[in-house]
Amino acid sequence: MELHNKDDLRIVGVPYGHPDAVGLIARVQQVYVELYGTEDVTPMGPDDFTPPSGLFVVGYRGGEAVACGAWRAHDGPAPDFLAGDAEIKRMYVTEAARGRGYARMILRELERTAVLSGRKRAVLETGTKQPAAIALYTSSDYTEIPKFGLHTGMPEIVCYGKTLC
Numbered sequence: 000m001e002l003h004n005k006d007d008l009r010i011v012g013v014p015y016g017h018p019d020a021v022g023l024i025a026r027v028q029q030v031y032v033e034l035y036g037t038e039d040v041t042p043m044g045p046d047d048f049t050p051p052s053g054l055f056v057v058g059y060r061g062g063e064a065v066a067c068g069a070w071r072a073h074d075g076p077a078p079d080f081l082a083g084d085a086e087i088k089r090m091y092v093t094e095a096a097r098g099r100g101y102a103r104m105i106l107r108e109l110e111r112t113a114v115l116s117g118r119k120r121a122v123l124e125t126g127t128k129q130p131a132a133i134a135l136y137t138s139s140d141y142t143e144i145p146k147f148g149l150h151t152g153m154p155e156i157v158c159y160g161k162t163l164c
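Each residue of the sequence shown is one higher than the one before, starting from 0 at the first, in numbering that gives the first Met the number 0.
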């Protein structure tokens, strides 16, 4: 899978362990440490992001990896997840590449590929100290949903969902 757009961001599906994915994940984890004092410890592994049960994408500008995002399939258990859910993870754009709409492009590609894999709803969690992320999701028709996963008791976490089809 490879997608080009008008701003010359090339979006490519890569394995979770790909060097560019690993590098961008390390950078987003550092952001979490700076904002919240700890990395995101949600259990994840390569199988979570292997099609058709998930996908990890990297956005390249020129030859440089500048953005990433992923989704992984969930089919329960309720109330955290419903049959047909796609959980959005590891959305990140490097500081130098921000302000170009790359996060929105990555999110749209994740939604598109999730639908192609039979997913019906996208869900995600983000933090209250990430106003740009919250603005991206709310302007992309995500609405607040009950907290799920490991972060249910954390006041600085907010969860969103969006019907995909």
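Ideal placement from N, C-alpha and C gives every residue a C-beta, glycine not left out.
Item, Value
"Length at least 4, wholly inside the stretch 60 to 144: the alpha helix (DSSP H) runs in chain order", "101 to 115 and 130 to 138"
"Spatial distance of Val114 from Glu108 (CA atoms)", "10 Å"
"Three-state secondary structure (DSSP) of Leu185", "Residue 185 is absent from the structure shown; the chain starts at 0 and stops at 164."
"Which of helix, strand or coil DSSP assigns to Gly12", "strand"
"Three-state class that DSSP yields for Val21 in the structure shown", "helix"
"Cys164 - containing beta strand (DSSP E), residue span", "From DSSP, Cys164 is part of no beta strand (DSSP E); its letter is neither H nor E."
"Three-way DSSP call (helix, strand, coil) for Val30 in this model", "helix"
"Rounded straight-line distance, which links the Cα of Ala132 to that of Tyr141", "11 Å"
"The stretch 52 to 64 contacting the stretch 142 to 152, beta-carbon criterion three pairs below 8 Å", "no"
"Same chain, Cβ closer than 6 Å to Leu116, five either side skipped, listed in chain order", "The question names Leu, but residue 116 is Ser in the sequence shown. Pro51."
"Rounded separation between Val32 and Val21 - CA only", "16 Å"
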